[in-house]
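Structure record follows, encoded as structure tokens.
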Amino acid sequence: MQSSAVIVCSDVNMLPAACCTLLSVKRNLDGPGVEFLLLGIDLKPNEIAEVGNFAKLHDMAITVLPYNTPDTAKQARGRWSGATLARLYMDLHIPDHIERLLYLDADVLAVAPVDELFTRDLRGKALAAVDDYVMAFPEKAGARQRKIGMGEGGRYFNAGVLLFDWSACRAKGLFARTREIFEERSHLFENNDQDALNVSFDGDWLVLDPRWNTQTGLLPFVDRPAIFHFTGRKKPWQATVPWVHRRMARQYVEDLRNTPWASFCRQPSAAGRIGGFFSHVGKQIGGLARLARMRAYFSNS
1 MQSSAVIVCS DVNMLPAACC TLLSVKRNLD GPGVEFLLLG IDLKPNEIAE VGNFAKLHDM
61 AITVLPYNTP DTAKQARGRW SGATLARLYM DLHIPDHIER LLYLDADVLA VAPVDELFTR
121 DLRGKALAAV DDYVMAFPEK AGARQRKIGM GEGGRYFNAG VLLFDWSACR AKGLFARTRE
181 IFEERSHLFE NNDQDALNVS FDGDWLVLDP RWNTQTGLLP FVDRPAIFHF TGRKKPWQAT
241 VPWVHRRMAR QYVEDLRNTP WASFCRQPSA AGRIGGFFSH VGKQIGGLAR LARMRAYFSN
301 S
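One point on numbering: in full-length UniProt numbering, the residue at position 223 of the sequence shown is 223, and numbering is uninterrupted.
Following this line, the structure appears as structure tokens:
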């Protein structure tokens, strides 16, 4: 059986959420043998120790891979976050024995069994991913693809959940190539390393069902989501938690209870919850045309 791992990249600001992401995968794995990795961006020793304490509390092992932002990446900081850039360098830190790698953003939670991702046939591709929501709007997707130098008529994936044949990525030097693309064209990229990865893997990735990366806007159209991706600025651990993610907010509270990170979760007031509901309804009514286009695309994906 191939060696498999799941990895999240995080600086100190997102560390509680990143650990919850890894814990959610552990809860939704039946089989053993998957390693849990955290690429820790410029973390101090006490912050690494907190990761270890969280893992011990939840009866799991998390290996922290120390990562110091390289000078080439520091030049782009301010425009791009440290976490965004770290993903482009993670190939330099992942243990050599890993063959299958599931990358997850820190604003992701697994909510159903994910074992099949680690055994899925990728049909000769080095990557499997889910369409980004923008694919429901061909004119917008096409403009983005042309701007960043992708081929005409291709598909554009969301980079919050990426399933790699890591042996193939290593053998082909795909991440080194992606770094080159980023350095050449970052002035064209509005979507950070997601754009660079789409250029690098253009036309050479396997399309997964949206249930494996159910972005916030896709929730109404996806049956049995397996992995939630809290896209957008408002997250479940914030007091401004979107109404559609109110149940997930409770999961973060529970997972961070009895840790020094308990205050990471900000619960909305009663008025805030009511306001969130009416805001949700308003968006649904005001965006009917947009919702219809997303339904037409993702219900048939």
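No residue lacks a Cβ here, since even glycine has one placed at the ideal position from N, Cα and C. Note that the structure is predicted; figures quoted are calculated from it, not measured.
- Item | Where residue 68 falls: helix, strand or coil (DSSP) | Note: residue 68 maps to coil in three-state DSSP.
- Message: Tell me the rounded alpha-carbon separation between residue 77 and residue 186.
- Response: Per-residue confidence for residue 77 stands at a pLDDT of 48, beneath the threshold of 50, marking its modelled position as unreliable; the derived number appears in the next sentence. Each residue's Cα considered, the two are about 12 Å apart.
- In chain order, what residues of the same chain lie with their CB nearer than 8 Å to the CB of residue 188, ignoring the 5 residues before and after it? Result list for residue 188: 147, 148, 149 and 195, in chain order.
- Task: Decide if residue 92 is buried, meaning its Cβ has at least 16 other Cβ atoms within 10 Å, or exposed.
- Result: Exposed, because fewer than 16 other Cβ atoms sit within 10 Å of the Cβ of residue 92.
- Item | Where residue 2 falls, given that 16 or more other Cβ within 10 Å makes a residue buried | Under this definition residue 2 is an exposed residue.
- Message: Using only the alpha-carbon positions, how far apart do residue 260 and residue 38 sit?
- Response: The alpha-carbon separation between residue 260 and residue 38 amounts to approximately 18 Å.
- Task: List the residues that DSSP assigns as beta-bridge partners of residue 5.
- Result: Answer is 35 and 101.
- Between which two residues does the alpha helix (DSSP H) carrying residue 191 extend? Note, residue 191: premise wrong, no alpha helix (DSSP H); not H, not E.
- Which value, in whole angstroms, describes the spacing of the CA atoms of residue 43 and residue 121? Their Cα atoms are separated by approximately 36 Å.
- Query: Cβ of residue 158 within 8 Å of Cβ of residue 213?
  - Reply: The answer is yes: Cβ separation under 8 Å.
- Task: Give the secondary structure of residue 137 by DSSP, where H, G and I count as helix, E and B as strand, and everything else as coil.
- Result: Three-state DSSP puts residue 137 in coil, outside helix and strand.
- Query: Using a Cβ-Cβ cut-off of 6 Å (strictly less than) and excluding sequence neighbours within five positions of residue 302, which residues of its own chain qualify?
  - Reply: Outside the displayed range of the chain (1 to 301) lies residue 302, so it cannot be described from this structure.
- Going by other Cβ atoms of all chains shown within 10 Å of its Cβ, with 16 needed for buried, is residue 263 buried or exposed? Counting the other CB atoms within 10 Å of its CB gives residue 263 a total below 16, which places it among the exposed residues.
- Message: I need the DSSP call for residue 161, collapsed to helix, strand or coil.
- Response: In the structure shown, residue 161 sits in a strand (DSSP, three-state: E or B).
- Item | Start-to-end residues for the alpha helix (DSSP H) that takes in residue 48 | Where residue 48 is concerned, the enclosing alpha helix (DSSP H) stretches over 45-57.
- Please name the residue in 106, 25, 246 and 184 whose C-alpha comes closest to that of residue 118. Closest by alpha carbon: 25.
- Taking Cβ positions, are residue 23 and residue 202 nearer each other than 8 Å? No, these two residues do not count as a Cβ contact at 8 Å.
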